[in-house]
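J.:
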Amino acid sequence: MAKIILIVDDSESIREVVSFTLENEGYKVLIANDGTDALKFLDGSHIDLIITDLHMPEMDGITLIREVRKMPTYQRIPILFLTTESQAAKKMEAKDAGATGWIIKPFVPAKLIAALNKVLR
Amino acid sequence: MNQENLSKINSYLSFKLGDEEFAAHVGKVLNILEMTKITEVPKAPVYMKGVINLRGTVLPVIDTRIKFGMTPTVYTTNTCIIVLDIDVDGESIYVGALVDAVQAVLEIDKNHILPPPSIGSKYKSEFIEGVANIDDKFIMILNMDAVFSTDEITNLRDKTEETEQTTDIEEIGS
Amino acid sequence: MDNFKKKFIEEATDLLEGLEKSLLALEENPEDLSLIQQVFRVMHTLKGNSGMFGFEMIDSFTHEMETVYDLIRNGKLKATREILDVTLAAVDHLKLLLNEDNYNDPEVIGNHKELLSKVALLVKGDSASEQNAHADLNVEVNKSVEEKGEKTYYIFFEPINEIFDNGTNPLYLLDELHDLGKVEVFAHLNKVPSLNVLNPEFCYTYWEVIIATSASLNDISDVFIFVEDDSTIEIQEIADYNLLTDEIFIDDLKKLASTQNDIGLSSVQNLTKEANSRKVKDKIKSFNKDRSTSKETSISSIRVSADKLDILMNLVSELVTTQARLSLFAEENNIPGLLPIAENVQKLSRQLRDTAFSIVLIPIENMLTRFQRLVRDLSNELGKEVVFVTEGAETELDKTIIESLADPLMHILRNSLDHGIEDSDVRVKKGKPKQGRISLKAYYSGANVMIQISDDGAGIDPVMITEKAIAKGIISPDRKLTKREVLELVFLPGFSTARQVTDLSGRGVGMDVVKRKISDIRGEVEIESEFGHGTTITIKLPLTLSIIDGLLVKVEDTHFIIPLLVVDKIYAIDHEKIKKTFNNVVVLDGKQIPFFYIREEFDLNESQEKFEQVIVVNFEEKRVGLIVDHVIGEYQAVLKPLGKHYKNQDMISGATILGDGTVALVVDTNKIIKLFSKHEVFKIKEEEKPEK
Chain B
1 MAKIILIVDD
11 SESIREVVSF
21 TLENEGYKVL
31 IANDGTDALK
41 FLDGSHIDLI
51 ITDLHMPEMD
61 GITLIREVRK
71 MPTYQRIPIL
81 FLTTESQAAK
91 KMEAKDAGAT
101 GWIIKPFVPA
111 KLIAALNKVL
121 R
Chain E
1001 MNQENLSKIN
1011 SYLSFKLGDE
1021 EFAAHVGKVL
1031 NILEMTKITE
1041 VPKAPVYMKG
1051 VINLRGTVLP
1061 VIDTRIKFGM
1071 TPTVYTTNTC
1081 IIVLDIDVDG
1091 ESIYVGALVD
1101 AVQAVLEIDK
1111 NHILPPPSIG
1121 SKYKSEFIEG
1131 VANIDDKFIM
1141 ILNMDAVFST
1151 DEITNLRDKT
1161 EETEQTTDIE
1171 EIGS
Chain S
2001 MDNFKKKFIE
2011 EATDLLEGLE
2021 KSLLALEENP
2031 EDLSLIQQVF
2041 RVMHTLKGNS
2051 GMFGFEMIDS
2061 FTHEMETVYD
2071 LIRNGKLKAT
2081 REILDVTLAA
2091 VDHLKLLLNE
2101 DNYNDPEVIG
2111 NHKELLSKVA
2121 LLVKGDSASE
2131 QNAHADLNVE
2141 VNKSVEEKGE
2151 KTYYIFFEPI
2161 NEIFDNGTNP
2171 LYLLDELHDL
2181 GKVEVFAHLN
2191 KVPSLNVLNP
2201 EFCYTYWEVI
2211 IATSASLNDI
2221 SDVFIFVEDD
2231 STIEIQEIAD
2241 YNLLTDEIFI
2251 DDLKKLASTQ
2261 NDIGLSSVQN
2271 LTKEANSRKV
2281 KDKIKSFNKD
2291 RSTSKETSIS
2301 SIRVSADKLD
2311 ILMNLVSELV
2321 TTQARLSLFA
2331 EENNIPGLLP
2341 IAENVQKLSR
2351 QLRDTAFSIV
2361 LIPIENMLTR
2371 FQRLVRDLSN
2381 ELGKEVVFVT
2391 EGAETELDKT
2401 IIESLADPLM
2411 HILRNSLDHG
2421 IEDSDVRVKK
2431 GKPKQGRISL
2441 KAYYSGANVM
2451 IQISDDGAGI
2461 DPVMITEKAI
2471 AKGIISPDRK
2481 LTKREVLELV
2491 FLPGFSTARQ
2501 VTDLSGRGVG
2511 MDVVKRKISD
2521 IRGEVEIESE
2531 FGHGTTITIK
2541 LPLTLSIIDG
2551 LLVKVEDTHF
2561 IIPLLVVDKI
2571 YAIDHEKIKK
2581 TFNNVVVLDG
2591 KQIPFFYIRE
2601 EFDLNESQEK
2611 FEQVIVVNFE
2621 EKRVGLIVDH
2631 VIGEYQAVLK
2641 PLGKHYKNQD
2651 MISGATILGD
2661 GTVALVVDTN
2671 KIIKLFSKHE
2681 VFKIKEEEKP
2691 EK
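Chains as they are written, first to last, in the working numbering: chain B, 1 to 121; chain E, 1001 to 1174; chain S, 2001 to 2692.
(1) Alpha carbons only, please: which of S:Ala2215, S:Ser2267, S:Phe2040 is nearest the one belonging to S:Glu2150?
(2) Could you compute how far the alpha carbon of S:Leu2338 sits from the alpha carbon of S:Ala2330?
(3) Hey, is the segment 2236 to 2247 of chain S in contact with the segment 2191 to 2199 of chain S, meaning 3+ C-beta pairs nearer than 8 Å?
(4) Is there a C-beta anywhere in chain B that falls below 8 Å from the one on S:Leu2173?
(5) For chain B, check one thing: does any of its Cβ atoms lie closer than 8 Å to the Cβ of S:Asn2138?
(6) Around the C-beta of S:Asp2070, are 16 or more other C-beta atoms found within 10 angstroms, so that it is buried, or is it exposed?
(7) Hey, is the segment 1063 to 1076 of chain E in contact with the segment 99 to 114 of chain B, meaning 3+ C-beta pairs nearer than 8 Å?
(8) Beta carbon of S:Val2068, beta carbon of S:Val2119: below 8 Å?
(9) What's the C-alpha gap between S:Asp2262 and S:Phe2676?
(10) According to DSSP, simplified to helix, strand and coil, what is S:Asn2132?
(11) Thinking just about the alpha-carbon of each residue, which of S:Glu2017, S:Leu2243, S:Gln2323 is nearest to the one in S:Arg2278?
(12) Assign E:Ser1149 to one of three DSSP states: helix, strand, or coil.
(13) Restricting to Cα atoms, I'd like to know which of E:Ile1139, E:Ile1128, E:Phe1138, E:Ala1132 is closest to E:Asp1145.
(14) For the beta strand (DSSP E) that contains S:His2188, what are its first and last residues?
(15) When you compare the segment 2433 to 2440 of chain S with the segment 2405 to 2424 of chain S, are there three or more beta-carbon pairs, one atom per stretch, that lie closer than 8 Å?
(16) Can you check the segment 2359 to 2430 of chain S for any beta strand (DSSP E) of at least 3 residues that lies completely inside it and give the ranges in chain order?
(17) Should E:Ile1009 go down as buried or exposed, given a rule of 16 or more other Cβ atoms within 10 Å for buried?
(18) Straight-line CA distance for S:Asp2002 to S:Val2086?
(19) Check for me: the alpha helix (DSSP H) holding S:His2044 runs from which residue to which?
(20) Any beta carbon from chain E within less than 8 Å of S:Glu2403's own beta carbon?
(21) For the segment 1021 to 1036 of chain E against the segment 1085 to 1094 of chain E, are there 3 or more C-beta pairs whose distance is under 8 Å?
(22) Can you name the residues of chain S whose CB is closer than 7 Å to the CB of E:Lys1037?
(23) Hey, quick one: how far does the beta strand (DSSP E) through S:Phe2491 stretch, first residue to last?
(24) Is S:Thr2634 near S:Leu2551, with beta carbons less than 8 Å apart?
(25) Comparing the C-beta of B:Val29 with each C-beta of chain S, is any distance below 8 Å?
(26) Output the boundary residues of the alpha helix (DSSP H) element that contains S:Val2197.
(27) Residues of chain S with CB under 7 Å from B:Val17, in chain order?
(28) For E:His1112, count neighbouring C-beta atoms within 10 Å of its own C-beta (all shown protein chains included) and say buried if the count is 16 or more, exposed if not.
(29) Taking only runs of the alpha helix (DSSP H) that begin and end inside the segment 2044 to 2106 of chain S, which ones reach a length of at least 4 residues, in chain order?
(30) Cα-Cα, which of S:Val2304, S:Gln2452, S:Gly2457, S:Lys2441 is closest to S:Gly2431?
(31) Which residue marks the beginning of the beta strand (DSSP E) containing S:His2559, and which one marks its end?
(32) Alpha carbon to alpha carbon, how far is S:Glu2600 from S:Lys2692? Give it in angstroms, no decimals.
(33) If I'm right that S:Ile2233 touches S:Phe2164 with Cβ under 8 Å, what's the distance once you round it to whole angstroms?
(34) Based on Cα-Cα distance, which residue from S:Ala2257, S:Ser2060, S:Val2587 lies nearest to S:Leu2116?
(35) At what residues does the beta strand (DSSP E) containing B:Ala114 begin and finish?
(36) Would you mind giving the Cβ-Cβ distance between B:Ile4 and B:Lys28, rounded to the nearest angstrom? I have them listed as a contact below 8 Å.
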């Protein structure tokens, strides 16, 4: 059964690139453009991995991560966040919030998959 | 030791085989070893007791008593192996002589050495260099080269004195 | 990707429009933090996304802008008119940059540079500004320089107990290592507590991994990038080649892992050192093999005095003996770490021995010249036409053996020339080619060198020999001899069958002397002859005189060494079985093997042991068993002569000093069996199939 990945990013271009890449690898993709939508998805469907941007209006990535970790079913779900190099502090924050790993923007698809392989098999 | 120096030295090592006392010139004696395990070499002449390890070389050991027509050596705390440097056809060979006891190193002046008796002697004269009288004992000074030579002629006893014992000394398996 | 690019451009255009609005608003309200955040966010998004779609220039540009607005939102900089002017100019520029056609426009490029420097100036005011490496372009998949070869690394990985909490699964990381190369993983469970205190949400396991990969150290570190803050990770290169092809290394690791908790880097490094030395030795071996198989007589050689060689050989012999004692000591005293060292010393001394002996080995080539001269001169003198053929000139022998061989071989050749090869007219009458032929062949056979001299001359007349023997009183007239036995008579002293004792070969040098000289160098000689057709003399010689690989056995109190080369197999046998056999034959592996009971033959008492060992040795073409008490093991014996006092003793080839100082006797199984079988009435039969 294919794994289902939830992508959370307010940038359509990013959402498209990531879902394209992941679908090519055989994953099923769900898309949310902000944290609140993401939480809705998590409530209903079974998700295997979350990829989220950090900078989003309404709910930012870090809050989303914290909320996800509060949910009993998703306490251990792997969560990857997108970040730019210059965001060292944010990285720590995200990790403290409970993120599993990160992908540095800009990234080529191979990098995305490489990070994925560390947390989902 | 070269010949010259050798002749000047008058020291002899005396040893016993049973009740009889013999002596060997110290020039022929390398050292004296305590009795140790002798590895027997099968199918060898009876007087060849076997071999031992002498600092990495293999030293043959001869039961001197058997060579002299006596009963084989019975090991006691006094039994020793005298390591001898024998001349065989100009070659220097080491051999061990098993003896009942080692006595002392004696200084025997040449003048006190009497020639071996030509007749009536128990042992063949070519093996005895002479006889010395020390403290009323007669010590036979041996020609070690001859006694421990590698020749197969083992019978040191004079043929006239042959007894049943000599059959033991006969060679086995040539 | 084109679709995504289009998407990005659309998105970016929207963003830039929104940005313009924000900036204009900001002009009115320079302190409005939410507006500043908006500007910042746009710059951030553009920077983050542009690189993805190939807009590097936008990427680098917006990076600078982002820095500025980061400073502003943190209160380190104020949104001055100047800044806003630059920012608006930047927005226009960015719009242009969204069109790739503009990238080559010199005006645009010039503008770009100008704006960048302006922005830089804006930033300069703050010394605490982030100096971020423009890692954008090189966020490549493989930062690492391509490693051409494989290296081996040691990895220690211990995650914190709470590692599962953020969704990490350490096993995926191990999987990733497996993707990189060949891996040996050692999981350690010793920190797992008992069930009553175990927290099922905790990770107690830690790992040690050996990986052989062409990936770089960075690549390996990258595997752990998400967990490095929450784990103890150690990665250390231990070899610059693939250690995991060395089975012994892997076995040793496994052994260590099973006996201790951690293997530990230093243990691994020790094992690596051992693996390295094995590797080097293999290289040396193959190097030496290559060298020795080349047939050129080495031009690159040096002269070594024979005395030095003798000293070297003696030292090597002593080393071998001392090393045996070291091994024995190591085994008996069980000092950790000493045994592997002793084994190493053994390997090294074996190599030294082999190499030292190869120095002393000389091809017989040099000797052959002498012979060729002899044949030439003699054949001329005798008026016979002879061709001399040699084969195997490159065969090597211990130099001392060669020296001792020269005379016997010369004599044999003389015999051939003198008595063997007939005069030309005689040959023609017999239907043989006018030219006589003498050949000398040298070759290896097992641990021996064989030298064979053949002629196609008159051969040996068995009748004549027998007559001569009877005349000399050597054999009684009615004795029936096999052909072989007749030929053996030739080796008896004083047995020159030449009608005239020629000056050359009759000179008090007979075949008996030849035989003796060859025995002295522990060789054997045999004659084969076909009357009227020719004679062949075969000499068998040992390769080296001094060191023998043997099997150490014990019979009662005495140790014996049986040369490994003759040993076929060893069986354990019931003492009772031996006693019960009929005709001294025992069935082993379905074959009937005749045996000799060494104790009996050497006149020792009967064994009290329940089990004894049968050592099946090769004797001529057959197999014979020798029964001993115990087989102790393989032993490399430095052969020492028994001395002249034992010169008639040919059953024992020599003695050797064992590690504990006692003397072991080296047996010549051929002689022993020959002797034993004389006592027994029967002859050794060919092995028969068991009767069913």
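All C-beta atoms in this analysis are idealised placements derived from N, C-alpha and C, irrespective of residue type, glycine included. Note that this is a predicted model, so its numbers are computed, not measured.
T.: Checking against the coordinates, here is how it stands:
(1) S:Ala2215
(2) 6 Å
(3) no
(4) yes
(5) With a pLDDT of only 30 at S:Asn2138, under 50, the local geometry of the prediction cannot be trusted, and no value is derived from it.
(6) buried
(7) no
(8) yes
(9) 60 Å
(10) Because S:Asn2132 sits at a pLDDT of 36, beneath the cut-off of 50, its placement in the model cannot be relied upon, and the following sentence gives the value as read from the coordinates. Three-state result, S:Asn2132: coil.
(11) S:Leu2243
(12) coil
(13) E:Ile1128
(14) Residues 2181 to 2188.
(15) yes
(16) 2361 to 2363, 2386 to 2391, 2396 to 2398
(17) exposed
(18) 31 Å
(19) 2033 to 2050
(20) no
(21) yes
(22) Thr2662
(23) First-last for S:Phe2491: undefined, no H or E at that position.
(24) Inspection of the sequence shows that residue 2634 of chain S is occupied by Glu rather than by Thr. Going by C-beta atoms, S:Glu2634 is nearer than 8 Å to S:Leu2551.
(25) no
(26) Counting along the chain, S:Val2197 falls outside any alpha helix (DSSP H), and DSSP gives it neither H nor E.
(27) Correct list: Phe2004, Met2052.
(28) Burial call: exposed.
(29) 2056 to 2073, 2081 to 2097
(30) S:Gly2457
(31) 2558 to 2563
(32) Here the model assigns S:Lys2692 a pLDDT of 37, short of 50, so the residue's position is not dependable, and the following value carries that caveat. Roughly 31 Å between the two C-alpha positions.
(33) At roughly 17 Å, the Cβ-Cβ gap does not stay under 8 Å, so S:Ile2233 and S:Phe2164 are not in contact.
(34) S:Ser2060
(35) First-last for B:Ala114: 109 to 119, but that is the alpha helix (DSSP H), not the beta strand (DSSP E).
(36) 5 Å
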